[in-house]
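Novice: Just dropping this structure here.
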Amino acid sequence: MSWSELTGKLVQLGRPHGTEPAFVNPPVSRGSTVLYESMDAMRARSAQRYEHQLIYGAMGGPTQALLEEAIAAIEGGLHTQVVSSGLAACTTALLSFLGAGGHCLMPDSVYGPTRRFCDTMLRRLGVDTTYYDPLIQEPALQALMRPATQVVFAESPGSHSFEVQDVPMLARVAHAHGAKLLLDNTWGIHVFQPFAHGVDLSIQALTKYPVGHADAIVGAITVADETDWVVLRDSVVQMGQFASPDDCWLTLRGLRTMGIRLERQSRSALEVALWLQDRPEVQQVLHPALPESPGHEFWKRDFSGATSLFGVVFHESYTAGAVEDMAAALAVFGLGASWGGYESLALPTTGIISRDARPMTGGPALRLHIGLETVEALIADLDGGLSVLRAASA
Ligand SMILES: Cc1ncc(COP(=O)(O)O)c(C=O)c1O
Numbered sequence: 004m005s006w007s008e009l010t011g012k013l014v015q016l017g018r019p020h021g022t023e024p025a026f027v028n029p030p031v032s033r034g035s036t037v038l039y040e041s042m043d044a045m046r047a048r049s050a051q052r053y054e055h056q057l058i059y060g061a062m063g064g065p066t067q068a069l070l071e072e073a074i075a076a077i078e079g080g081l082h083t084q085v086v087s088s089g090l091a092a093c094t095t096a097l098l099s100f101l102g103a104g105g106h107c108l109m110p111d112s113v114y115g116p117t118r119r120f121c122d123t124m125l126r127r128l129g130v131d132t133t134y135y136d137p138l139i140q141e142p143a144l145q146a147l148m149r150p151a152t153q154v155v156f157a158e159s160p161g162s163h164s165f166e167v168q169d170v171p172m173l174a175r176v177a178h179a180h181g182a183k184l185l186l187d188n189t190w191g192i193h194v195f196q197p198f199a200h201g202v203d204l205s206i207q208a209l210t211k212y213p214v215g216h217a218d219a220i221v222g223a224i225t226v227a228d229e230t231d232w233v234v235l236r237d238s239v240v241q242m243g244q245f246a247s248p249d250d251c252w253l254t255l256r257g258l259r260t261m262g263i264r265l266e267r268q269s270r271s272a273l274e275v276a277l278w279l280q281d282r283p284e285v286q287q288v289l290h291p292a293l294p295e296s297p298g299h300e301f302w303k304r305d306f307s308g309a310t311s312l313f314g315v316v317f318h319e320s321y322t323a324g325a326v327e328d329m330a331a332a333l334a335v336f337g338l339g340a341s342w343g344g345y346e347s348l349a350l351p352t353t354g355i356i357s358r359d360a361r362p363m364t365g366g367p368a369l370r371l372h373i374g375l376e377t378v379e380a381l382i383a384d385l386d387g388g389l390s391v392l393r394a395a396s397a
């Protein structure tokens, strides 16, 4: 499906249903206590906790349910659960399918806070994590699987190093050993259909492109199977996981324009990436749509497009400090973490990455998020930044 077809779909998804006259957009429904007319009605409603029904505010209400319906449709899944953040979506999904004595396989390129969660909380709870090369091949992955392996996690492309993973192969191996495949699909929203490639649980940091305006933090977990849904939903309710109606409303509002934003941002990102590729200071551009980018063949096989976040690796003759000076000197690009908003951002990534199985190679690196500014303004800004890089390294 193209970006413009997605845009057409996003006009309709997650809108109020019913035959009564209603506002175009759902109102924000806030609340805790729900009043029932009888004990029977209260009991009947409580039994519907897997059905996105209003039971008690902490278990979600109408605003959350409409966002869940929209995200399930974008991801091609059956049910979505919204949670408080993208990180909470990762940790909640992991806690739902891992137990003491269990084993988890994590790509070395996983988002840093997910890695910390494995190395601290999961370890404390008796779960062992092995980091694997995100470009691992099937026999090597088979060799890492243990009888206790409950989860194979993937993030494609990887945080900062942008390796696109062979997700169908990961699914094949995971399922042959009775493990679940969890995917952080935040970069691949809409351009990677997780369930068509064997994923069991797909995670979205809705904070990024769906919110799209850098003004809310929300996460989502989507499943394609009723049994997985019951396990996930029970864990979410037991842990008191929740996303506020106001933040879900902002996400629904942002979602309406996600297709047209991404149509423009992804095109601009590729133009900027191609410009950078020809610059003498640049050793490699880590953009999945470029043939030199790691795992490009899987991107070409499995993705229908790209989004607007990529990496730039400079030659070893430049220092990490010089890249920081460059990033700080940019005027159109903001200096900051996160991504997916309407604004362009630059983030030096050298020194903030931990890798065990697949070390980062090359010189210092920068992550760029391309927003809605003109390509001319972005390139002029980077051109100025490269002068600062050269001067700082002279
Ligand atoms: C790939 C990925 N997953 C998850 C997250 C976490 O999302 P949030 O900031 O909503 O917790 C991020 C945030 O940068 C991310 O880049």
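So in the working numbering, the last spot in the sequence shown is 397, and the numbers never skip. Yeah, the Cβ is synthetic: ideal placement off N, Cα and C, and Gly gets one too.
1) To the nearest angstrom, how far is it from the Cα of V86 to the Cα of M172?
2) If we ignore side chains and look at the alpha-carbon of each, how far apart do D228 and H82 end up?
3) Among T225, H216, A199 and A47, which residue has its Cα nearest to the Cα of T207?
4) Using a Cβ-Cβ cutoff of less than 7 Å, which residues in the same chain neighbour D359 once the five nearest sequence positions on both sides are dropped?
5) Fully enclosed by the region 14-44, which alpha helix (DSSP H) runs are 4 residues long or longer?
6) For H200, name the three-state secondary structure that DSSP assigns.
7) I'd like to check one pair, A309 with S269: are the Cβ atoms closer than 7 Å?
8) Under 8 Å, with one C-beta from each stretch per pair, do the region 313-321 and the region 361-377 reach the 3-pair mark?
9) What residues in its chain sit with their C-beta under 8 Å from that of H299, if we drop five residues either side in the sequence?
10) By alpha-carbon positions, which one of M329, A179, V155 and A331 ends up nearest to L98?
11) Quick one: Cα of G177 to Cα of L184, how far?
12) Ligand 1 and Y212: does the residue's C-beta get closer than 6 Å to at least one heavy atom of that ligand?
13) Pull up the distance between the alpha-carbon of L348 and that of V214, whole angstroms please.
14) Consult DSSP for P171 and reduce its assignment to one of helix, strand or coil.
15) Count the other CB atoms within 10 Å of the CB of T230; is the residue buried (16 or more) or exposed (fewer)?
16) Below 8 Å on the Cβ atoms is my guess for V130 versus G105; work out the distance and round it to an integer in Å.
17) Using DSSP bridges, identify the partner residues of F313.
18) Along the chain, where does the beta strand (DSSP E) containing F165 start, and where does it finish?
19) Residue ranges of each alpha helix (DSSP H) run of no fewer than 4 residues wholly in the region 118-168, ordered along the chain?
20) Just mark H20 as buried or exposed, buried being the case when its beta carbon has 16 or more other beta carbons within 10 Å.
21) If you follow the alpha helix (DSSP H) that V226 is in, where does it begin and where does it stop?
22) Please confirm whether R361 and D187 have their CB atoms less than 7 Å apart.
23) If we ignore side chains and look at the alpha-carbon of each, how far apart do D203 and A394 end up?
24) Would you check whether ligand 1 has a heavy atom nearer than 6 Å to the C-beta of T152?
25) Helix, strand or coil for Q287, going by three-state DSSP, please let me know.
26) Cβ of A73 within 7 Å of Cβ of G17?
27) Going straight from the alpha carbon of L289 to that of S35, what length do you get?
28) Nearest CA to the CA of W232: which residue from E379, A75, V14 and S159?
29) With S164 and G354 assumed to form a contact (beta carbons below 8 Å), what rounded beta-carbon distance in angstroms separates them?
30) At 4 residues or longer, what runs of the alpha helix (DSSP H) sit wholly inside the region 248-308?
31) Once DSSP output is grouped into helix, strand and coil, what is the label at V86?
32) Would you say the beta carbon of Y114 is closer than 6 Å to some non-hydrogen atom of ligand 1?
33) Flag G262 as yes when its Cβ comes closer than 6 Å to any non-hydrogen atom of ligand 1, and as no otherwise.
34) With 16 as the cutoff for other CB atoms within 10 Å, does Y39 come out buried or exposed?
35) Rounded to whole angstroms, what is the Cα-Cα separation between V221 and D250?
36) Taking the Cβ atom as the reference point for each residue, do E327 and P351 lie within a distance shorter than 7 Å?
Specialist: Concretely, from the data shown:
1) 29 Å
2) Rounded to the nearest angstrom, the gap between the Cα atoms of D228 and H82 is 8 Å.
3) The amino acid at residue 207 is misidentified as Thr; the sequence shows Gln. Ranking T225, H216, A199 and A47 by Cα distance to Q207 puts T225 first.
4) D111 and Y134
5) none
6) For H200, the three-state secondary structure derived from DSSP is helix.
7) yes
8) Cβ pair count under 8 Å is three or more, so yes.
9) V167, P291, A292 and L293
10) V155
11) In the sequence on display, residue 177 carries Ala and not Gly. Approximately 6 Å between the Cα atoms of the pair.
12) No, the beta carbon of Y212 sits no closer than 6 Å to any heavy atom of ligand 1.
13) 16 Å
14) Three-state result, P171: helix.
15) exposed
16) 5 Å
17) L371
18) Element bounds for F165: n/a, residue is neither H nor E.
19) 141-147
20) exposed
21) Counting along the chain, no alpha helix (DSSP H) covers V226; the unbroken beta strand (DSSP E) around it starts and ends at G222 to V226.
22) no
23) Spanning the alpha carbons of D203 and A394 requires a straight line of approximately 49 Å.
24) no
25) strand
26) When the beta-carbon positions are compared, A73 and G17 come within less than 7 Å of each other.
27) 46 Å
28) Residue nearest to W232 within the set E379, A75, V14 and S159 is A75 (criterion: CA-CA distance).
29) About 14 Å; that fails the 8 Å criterion.
30) 248-258, 261-280 and 299-305
31) strand
32) yes
33) Of the heavy atoms belonging to ligand 1, none sits nearer than 6 Å to the Cβ of G262.
34) exposed
35) 7 Å
36) yes
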